[in-house]
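Visitor: This is the structure I want to talk about, given as structure tokens.
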Amino acid sequence: MCKFYVEKVAGCLHITCRCKFQFCYACGEQWTTTHGGCQRD
Numbered sequence: 007m008c009k010f011y012v013e014k015v016a017g018c019l020h021i022t023c024r025c026k027f028q029f030c031y032a033c034g035e036q037w038t039t040t041h042g043g044c045q046r047d
């Protein structure tokens with residue numbers, strides 16, 4: 007993780023940072039093919 011700030015304006019919870027790290031915007035966990043849905047959704 008790079009610690010860049012991100013802002014979610016619209017869309018899904020899947021975020022790809024400019025450093026290419028993919029994570030869930032709601033819980034901060036790394037996004038994987040098995041993430042399956044966030045408990046905080």
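Just so we're aligned: 12 in my numbering is position 6 of the sequence shown, and the numbers increase by one with no gaps anywhere. Ideal placement from N, C-alpha and C gives every residue a C-beta, glycine not left out.
Contact defined as beta carbons within less than 8 Å: I believe K9 pairs with Y31. What is the distance between those atoms, to the nearest angstrom?
Guide: For the purposes of this step, residue 9 is identified with residue 3 of the sequence shown, where counting begins at 1. For the purposes of this step, residue 31 is identified with residue 25 of the sequence shown, where counting begins at 1. About 15 Å separates the two Cβ atoms, so there is no contact after all.
Visitor: Of the residues Y11, T38, G17, Q36, which one's Cα is nearest the Cα of R24?
Guide: For the purposes of this step, residue 24 is taken as residue 18 along the sequence shown, with counting starting at 1. Per the Cα distances, Y11.
Visitor: Between Q36 and the rest of its own chain, which residues show a CB-CB distance below 6 Å, the 5 nearest in sequence each way excluded?
Guide: Against the sequence shown, residue 36 aligns to sequence position 30. Around Q36: F29.
Visitor: Which residues does DSSP pair with H20 in a beta bridge?
Guide: If you number the sequence shown from 1, residue 20 lands on position 14. Note: H20 sits in a beta bridge opposite C30.
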